[in-house]
Amino acid sequence: MSMGTSETPTLIGRPSVEAAGMPPRKRKPLGRNQKDEALAGYLFVLPAIASLVVFLLGPILVAFYISFFNFNFLDPENAKFVGLANYWHLFHDPQFLRALWNTTLYSLGVVPTQTVLALFLALIVNQIRGKTFFRVAYYLPQVTSTIAVSVMFIFIFSQQGLLNQFLHLFGIQGPTYTNDPKFALASLMVMAIWSTSGQFMMIYLAGLQDIPDEIYEAAALDGASGWRMLRYITIPSLRRVTFFVVVMSLIGTYQVFDQAYVVSGGDGGPLNSTMTVVLDVFTKGFKTMQMGYASAMAFVLFFIILILTLIQHYIMGREK
Amino acid sequence: MLKKWMAVTAAAVASVGVLAGCGSGNSGTNDNQASGNGQGGSVNLTLGMWSSSPAEKQLVENQLKAFEQANPNIHVKVEVVTGDYLQTMQPRLASHTAPDVFYVDASYAPQLESSGVLLPLDDYIQKDHVDIQDFSPSLLKAFQWQGKTYGLPKDANSLAIEYNKDLLAKAGIHTPPATWEDFEKDAALLKAKGITPLSMPIDVARYYPVVLDWGGSFYDANNNKATFTDAKNQSGLQFFIDNFHKGYIKTPKDLGADWAGPPFAQGQVAMVAEGAWIIPALQQTAKGLHYGVTDFFTHYGKSANMLYTVSYSIAKSTKHPDEAAKLLFYLTGKDAQKMTAESGLAIPSRQSEQGDFLQKYPDYKAFVDGLKGGTPYQFGTLGQNFVDAINKATEAGVLQNQSAADVLKQADQTLQTQTQ
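Residue numbers (the numbering used here), protein chains in the order written: chain A, 34 to 353; chain B, 10 to 429.
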């Protein structure tokens, strides 16, 4: 269940290059003819392409194929072609719809909060003394295993946990948050915001350092300061970074699995309140052995994320 | 023809094996020199298992050592699966790379059996004259599907009531309740003293005996169908739900734990209904606790119980079915079962070894008693969908104050939407 975060460094570079407005470098022929050169290039990337095809593209195509079958992993010979029945059934499956609803709520709760918080932290960390210390401190949750984080939060949110002890000082008696249908999903959101804000803070920090000082100087000469600089210079300049952060965060939240799995013990409880789409996919694929159905679910999830990303791309692109 | 050839090689291999075994003093070093049963070599088998504790792995290794001594031409490599066992096994079974012999939990055994990835053992049982009558009948039945046997139970567990003597005494109770009716009376006394009477999760794996005792049944084994909506199911389930509302039963989660062991060890609850796995946990975490173990509550003479059992089964894709069967019969045979009994890790599945086991571990009497009236925890090929449907519905019943009839109707609906 990769969160799709490991490829961030390659993408951060992009806005900076384009912001600086450098023209694309012209390629000089190296004396040999271009075909040879291209061939050498392809040879170099061949191992990567081969492994991508075998381990990524291939499985995706196979998954797409079996999503039209009543497919049991253990008994592939008896797979039955059912056409679009799996997809049709999905939209009548209360558990899947609940999972989709939970995941959407989770995303709506986490993405905006996380983005704002990440920007806020980045702005602070960019200016105060002891930058390095705070960067490390805020980034630490990201390198901690999700399982460990979940277990820690289960302690915080338990009946006699840290949170309730604190509330007790004000005479409030809280429930076991992860075991209460009203609070369980919210607990997951808090957990996610806490653990991934640091990562997006780093991306914003990189973005902040790419904004040329001249712009700020010019604005200062024009009498802008504080809030207005933030509103009219920093945030617009970070637009591409924000796009990236929101997309990555959205993909990550729509694929939430580990926390829900640990907190609910794998069943999405209490009362399906922590059932997420990927958890449902996992249950259907590996526990109840309905791999065809699980594949259909995965593709619906893929299209949802794709559409959301395209919408954002359109909105962000229009401003330019 | 093939058999004769194999017998000859086996004899040749045996002599070589013995010599090699003597020379090196360690049968493990000989593995790589010969693979397959060609060229006068030995047979290599793989055994797949999970391990709930280092002691379990040690037990299996000891059993294998004894097996390899008796069968020097067969070498067994142990493969311990960490993480999700079923998730690991599925792709391996599908790709014909599963271990030759491996653990199968009764809860999903029917799914594996019906999809044809396990080797039917009946012919081998006949050929080797394996005494299968000796197994507790309900345990053996857990690994039979449509008249064929796909595994032999290696051990078993059942539910009993563990009670905290000090907490019961505080409420003036000197003998633990034996029936659900007694329980309700004692629970009222305990509750009056501010003590939580019983902790059980809202899980069909634990409360199903209540439904059975009250004359209900969620599952029709003959037709592999769920029978949630049968009116006979309501009274037992209602009794269970009502006890939550009276405050007589609390879930381990309510007490801040994943399962009932920790709150019981900490003296937070007077009674819990767990299997024998709680005993080692209590020995480690609650040395000073005064507790006893008694039979699971009955209801007007009915004493249903839930059995948790694991088999050794053989992958259909194995290249050495004869040797794999030999290994399986050894591991579920008397010698290996005796070692299981002595380790105290689980109850041996063979009745002939259960007596020895009880002599050494008299505390486990209630668990062994439980095997007699027990139903294996499995619901045919409905498996996890069945369990999820009824567990979620029951949870809603307890939390949102629904009647048993509504819970059962909901479970039925959910199951229908989840299975295609």
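Glycine residues also receive a C-beta, built at the ideal position from the N, C-alpha and C atoms. Keep in mind that this is a model prediction, so the values were computed, not measured.
Under the three-state reduction of DSSP, which class applies to residue i: helix, strand or coil?
i: Asn233 of chain B; result: coil
i: Ser312 of chain B; result: coil
i: Met224 of chain A; result: helix
i: Ser123 of chain B; result: helix
i: Ser282 of chain A; result: helix
i: Gln346 of chain B; result: helix
i: Met280 of chain B; result: strand
i: Met36 of chain A; result: Bear in mind that the predicted position of Met36 of chain A carries a pLDDT of just 42, short of 50, making it unreliable; the figure below should be weighed with that in mind. It is coil, neither helix nor strand.
i: Val85 of chain B; result: strand
i: Trp154 of chain B; result: strand
i: Pro218 of chain B; result: helix
i: Thr342 of chain A; result: helix
i: Tyr317 of chain B; result: strand
i: Thr428 of chain B; result: coil
i: Asn53 of chain B; result: strand
i: Lys163 of chain B; result: strand
i: Ala414 of chain B; result: helix
i: Ala196 of chain B; result: helix
i: Arg168 of chain A; result: helix
i: Arg264 of chain A; result: helix
i: Gly54 of chain A; result: Its pLDDT being 46, under 50, Gly54 of chain A is placed unreliably in this model, and the coordinates cannot settle the point.
i: Ser297 of chain A; result: helix
For a contact meaning CB atoms closer than 9 Å, what does residue i contact in chain B?
i: His125 of chain A; result: Thr426
i: Met349 of chain A; result: Those do not exist, as Met349 of chain A stays about 39 Å from chain B at its closest Cβ, beyond 9 Å.
Who are the neighbours of residue i on chain A, taking C-beta pairs under 8 Å?
i: Pro100 of chain B; result: Phe106
Whose Cβ in chain B lies nearer than 8 Å to the Cβ of residue i?
i: Asp300 of chain A; result: Asp397, Asn400, Lys401
i: Gln128 of chain A; result: Thr423, Thr426, Gln427
How would you list, in chain order, the residues of chain A whose beta-carbon sits under 7 Å from the beta-carbon of residue i?
i: Asn394 of chain B; result: Thr321
i: Glu404 of chain B; result: Gly302, Pro303, Leu304
i: Leu121 of chain B; result: Leu107
i: Gly276 of chain B; result: By Cβ distance, chain A contributes nothing, its closest Cβ being about 15 Å from Gly276 of chain B, past 7 Å.
i: Ala103 of chain B; result: Phe106, Leu107, Pro109
Residue j and residue i - do their beta-carbons sit closer together than 8 Å?
i: Asn242 of chain B; j: Phe253 of chain B; result: no
i: Phe237 of chain B; j: Ala420 of chain B; result: yes
i: Leu312 of chain A; j: Ala293 of chain A; result: yes
i: Thr390 of chain B; j: Ser123 of chain B; result: yes
i: Ala225 of chain A; j: Val296 of chain A; result: no
i: Met315 of chain B; j: Tyr370 of chain B; result: no
i: Val279 of chain A; j: Thr136 of chain A; result: no
i: Gln355 of chain A; j: Thr275 of chain A; result: What is shown of chain A runs 34 to 353, which leaves residue 355 of chain A out entirely.
i: Gly353 of chain B; j: Leu168 of chain B; result: no
i: Ala282 of chain B; j: Leu207 of chain B; result: yes
i: Ser61 of chain B; j: Lys163 of chain B; result: no
i: Ala333 of chain B; j: Tyr339 of chain B; result: no
i: Val110 of chain B; j: Leu56 of chain B; result: yes
i: Phe273 of chain B; j: Asn400 of chain B; result: no
Output, in chain order, the set of chain A residues within a Cβ distance shorter than 9 Å of residue i.
i: Gly342 of chain B; result: Correct list: empty, because the minimum Cβ distance to chain A is about 28 Å.
i: Leu149 of chain B; result: Ordered by position in chain A, no residue passes the 9 Å Cβ test against Leu149 of chain B, which lies about 23 Å from the chain.
Closer than 7 Å by beta-carbon distance: list the chain B residues that pair up with residue i, in chain order.
i: Ala232 of chain A; result: Before going further, note that residue 232 of chain A is Gln rather than Ala in the sequence given. Here the premise fails: no neighbours, minimum Cβ distance about 25 Å.
Got a sec? Which residues, its chain only, sit under 6 Å from residue i by beta carbon, not counting five neighbours each side?
i: Ile338 of chain A; result: Ile284, Tyr287
i: Gly37 of chain B; result: Model confidence at Gly37 of chain B stands at a pLDDT of 37, short of 50, so the residue's coordinates are unreliable and nothing is read from them.
i: Trp268 of chain B; result: Pro261
i: Gly406 of chain B; result: Ile250, Val416
i: Phe188 of chain A; result: Gly194
i: Gln323 of chain A; result: Lys317
With a threshold of 7 Å (Cβ to nearest heavy atom), would residue i be considered close to the ligand GDP?
i: Tyr210 of chain A; result: The ligand GDP is not part of this structure, which contains no ligands at all.
Excluding the 5 residues flanking residue i on each side, which residues of the same chain have their C-beta closer than 7 Å to its C-beta?
i: Gln48 of chain B; result: Bear in mind that a pLDDT of 41 at Gln48 of chain B, under 50, signals an unreliable position, so the number given afterwards is only what the model happens to contain. Here the set comprises nothing.
i: Gln363 of chain B; result: Ile356, Pro357, Val377
i: Pro186 of chain B; result: Phe192, Asp195, Phe306
i: Trp227 of chain A; result: Pro174
Can you list, in chain order, the residues of its chain with a C-beta nearer than 8 Å to that of residue i? Leave out the 5 residues immediately preceding and following it.
i: Gln275 of chain B; result: Ala295
Indicate whether the contact test is met: 3 or more Cβ pairs, each with one atom in the region 309 to 318 of chain B and one in the region 216 to 225 of chain B, closer than 8 Å. Look at the beta carbons and you see the region 309 to 318 of chain B touching the region 216 to 225 of chain B: at least three pairs across the two are nearer than 8 Å.
Does the structure place the region 165 to 182 of chain B close enough to the region 320 to 333 of chain B that three or more beta carbon pairs sit under 8 Å? No, because fewer than three Cβ pairs between the region 320 to 333 of chain B and the region 165 to 182 of chain B fall closer than 8 Å, the two stretches do not touch.
The region 82 to 93 of chain B contacting the region 351 to 370 of chain B, beta-carbon criterion three pairs below 8 Å: Cβ pair count under 8 Å is below three, so no.
Between the region 224 to 240 of chain A and the region 155 to 169 of chain A, can you find at least three pairs of beta-carbon atoms closer than 8 Å? Contact between the region 155 to 169 of chain A and the region 224 to 240 of chain A is established, with three or more Cβ pairs separated by less than 8 Å.
At least three beta-carbon pairs within less than 8 Å, the region 255 to 265 of chain B to the region 187 to 205 of chain B: The region 255 to 265 of chain B makes contact with the region 187 to 205 of chain B, as at least three CB pairs between them are under 8 Å.
Is the number of C-beta pairs between the region 87 to 106 of chain B and the region 285 to 300 of chain B that are closer than 8 Å three or more? No, they do not touch.
For the region 329 to 347 of chain A against the region 117 to 124 of chain A, do three or more pairs of beta-carbon atoms, one drawn from each stretch, fall closer than 8 Å, so that the two count as touching? Result yes; three or more Cβ-Cβ pairs closer than 8 Å.
Would you list, in chain order, the members of the region 177 to 202 of chain A that have their beta-carbon closer than 7 Å to a beta-carbon of chain C? Here chain C cannot be found, since the structure's protein chains are A and B.
Between the region 91 to 100 of chain A and the region 297 to 304 of chain A, can you find at least three pairs of beta-carbon atoms closer than 8 Å? Verdict: no, contact absent.
So, do the region 242 to 252 of chain A and the region 194 to 207 of chain A have three or more beta carbon pairs nearer to each other than 8 Å? Using a Cβ-Cβ distance cut-off of 8 Å, the region 242 to 252 of chain A and the region 194 to 207 of chain A are not in contact, since fewer than three pairs of beta carbons, one from each stretch, lie closer than that value.
So, does the region 152 to 160 of chain B touch the region 130 to 142 of chain B, judging by three or more C-beta pairs under 8 Å? Taking 8 Å as the limit for Cβ pairs, the verdict is that the region 130 to 142 of chain B does touch the region 152 to 160 of chain B.
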